[in-house]
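Let me begin by presenting the structure, written as structure tokens, before commenting on it.
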Amino acid sequence: MLHHVELWVPDLDRAVRSWGWLLGELGYQPFQEWEAGRSWILDGTYVVVERSPALTSSTHDRCRPGLNHLAFGVTGQARVDELVSASAGHGWTLMFPDRHPYAGGTGHYAGYLENEDGFEVELVAVRER
């Protein structure tokens, strides 16, 4: 089981606006809060956003070695569509709009979003458990 993911971000307020909204919509609950960071938890796995003083760059580039994106399972295509539609109001932009919702190939229904800091998420339609 994945224990946690920690994302170092250049701007904590922007990160809380985009990640906090998305994680909340996905069922994560606020978990920890400190001056330089926040976290949200679901089923024992948590996601952290932190503005670390040890950052060596002010930008994230998903195409460099390291994290490319996080993929989350979302129950049903309609829910993917709802989240994609609402995402712009929370700092996210739809990637590959000309191929949406099949940018990952036929039979793979997903929304690919990028936030203002260049972090990508993939919202994959899955069947209800």
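In this text, residue positions in the sequence shown follow full-length UniProt numbering: the first is 1, and each later residue adds one. Cβ coordinates follow ideal geometry from the N, Cα and C atoms, glycine included.
| query | result |
| --- | --- |
| Residue span of the alpha helix (DSSP H) that contains S87, given as start and end | Q77 to S87 |
| Residues bridged to P30 (per DSSP) | W40 |
| contact_flag[the segment 120-127, the segment 66-80] where n(CB pairs < 8 Å) is 3 or more | yes |
| G66 in three-state terms, based on DSSP | coil |
| Same chain, Cβ closer than 7 Å to H3, neighbours up to 5 away in sequence not counted | T45 |
| Rounded straight-line distance, which links the Cα of L113 to that of Q77 | 15 Å |
| According to DSSP, residues forming a beta bridge with A71 | E122 |
| For Y109 and P101, the rounded distance between their alpha carbons | 5 Å |
| Stretch pair the segment 84-102 + the segment 49-67: three plus CB contacts closer than 8 Å | no |
| Presumed contact (8 Å Cβ cut-off) between G66 and L42, rounded CB distance | Their Cβ separation, rounded to whole angstroms, is 23 Å, which puts G66 and L42 out of contact at 8 Å. |
| Extent of the continuous beta strand (DSSP E) run through W21 | No beta strand (DSSP E) contains W21, which is instead part of the alpha helix (DSSP H) from W21 to E25. |
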